[in-house]
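**Q** In this note's numbering, the protein residues as written are 47 to 245. Note that CB positions come from ideal geometry on N, CA and C, so glycine has one too. Got a structure here, written out as structure tokens. Questions coming.
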């Protein structure tokens with residue numbers, strides 16, 4: 047759990063804290079964080095990963111709103127204190143675009159990585175009857191219909207490099223359906239997710 051949050055949340059925020067003062071001094075820059083579409087409809091056996099990406103989504107939204115403000119009387123080059131404290135006051139644009147890239151099912155090594163992590167965990171007798179389902183869940187996004195990596199990369203780069211990129215860019219198999227699922231009542235969302243996870 048700690049490694050997942052270090053990679054997906056704290057690592058991203060440390061990098062942002064390092065680059066924002068330089069971008070702000072130039073009034074120019076782009077911050078692109080990569081989330082996941084599963085935040086819109088979390089499923090079983092991916093809670094830590096989804097929670098870490100949900101945190102990153104929220105921080106990305108906060109950054110986007112905060113980096114459109116210039117803290118009164120604050121020299122961006124001395125901006126080394128708490129990032130979130132410095133984002134809450136101000137009035138003039140920094141000129142930094144913040145984009146949340148939200149992949150759908152894109153061909154990658156994520157399933158193999160998830161299984162490698164699972165294999166290193168101590169055996170949980172409680173979940174032993176679900177082992178096959180847990181392994182299937184690890185590869186859920188890697189089916190025949192998953193979006194080729196090159197297609198996803200090309201569309202993402204073209205979108206992010208626009209003069210005024212969108213705050214949210216989602217692309218890949220399941221992207222549209224997952225946004226729709228987000229708006230469903232929880233009981234319906236849970237029913238659909240359980241059915242999908244059973245195949």
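Could you tell me the distance, in whole angstroms, from the CA atom of residue 152 to the CA atom of residue 79?
**A** Put simply, the backbone Cα of residue 152 is about 16 Å away from that of residue 79.
**Q** Near residue 102, which residues of its chain fall below 7 Å by C-beta distance, leaving aside the five closest residues on each side in sequence?
**A** 54, 55, 58, 79, 81
**Q** Would residue 92 and residue 178 be called neighbours here (beta carbons separated by less than 9 Å)?
**A** no
**Q** Quick check on the DSSP output: the alpha helix (DSSP H) that includes residue 64 runs from which residue to which?
**A** 57 to 72
**Q** In angstroms with no decimal places, state the Cα-to-Cα distance between residue 69 and residue 220.
**A** Cα to Cα, the separation comes out at about 34 Å.
**Q** When burial is assigned at 16 or more other CB atoms within 10 Å of the CB, is residue 64 buried or exposed?
**A** exposed
**Q** Can you look up residue 75 in the DSSP assignment and give me helix, strand or coil?
**A** In the displayed model, residue 75 falls within a strand according to three-state DSSP.
**Q** Give the straight-line distance between the Cα atoms of residue 106 and residue 243, rounded to the nearest whole angstrom.
**A** 29 Å
**Q** Using a Cβ-Cβ cutoff of less than 7 Å, which residues in the same chain neighbour residue 232 once the five nearest sequence positions on both sides are dropped?
**A** There are no such residues.
**Q** My parser needs the alpha helix (DSSP H) runs of 4 or more residues fully inside the region 180 to 204; what are they?
**A** none
**Q** Evaluate the contact criterion for the region 205 to 221 versus the region 182 to 197: three or more CB pairs, one atom per stretch, below 8 Å.
**A** Touching, yes, given that three or more Cβ pairs across the two stretches are closer than 8 Å.
**Q** Whole angstroms are fine: how far does the CA of residue 108 sit from the CA of residue 66?
**A** 14 Å
**Q** Tell me where the alpha helix (DSSP H) around residue 49 begins and ends.
**A** First-last of the alpha helix (DSSP H) with residue 49: 48 to 51.
**Q** For the beta strand (DSSP E) containing residue 215, list its first residue and its last residue.
**A** 214 to 217
**Q** Ends of the beta strand (DSSP E) at residue 223?
**A** No beta strand (DSSP E) holds residue 223; the alpha helix (DSSP H) holding it covers 221 to 228.
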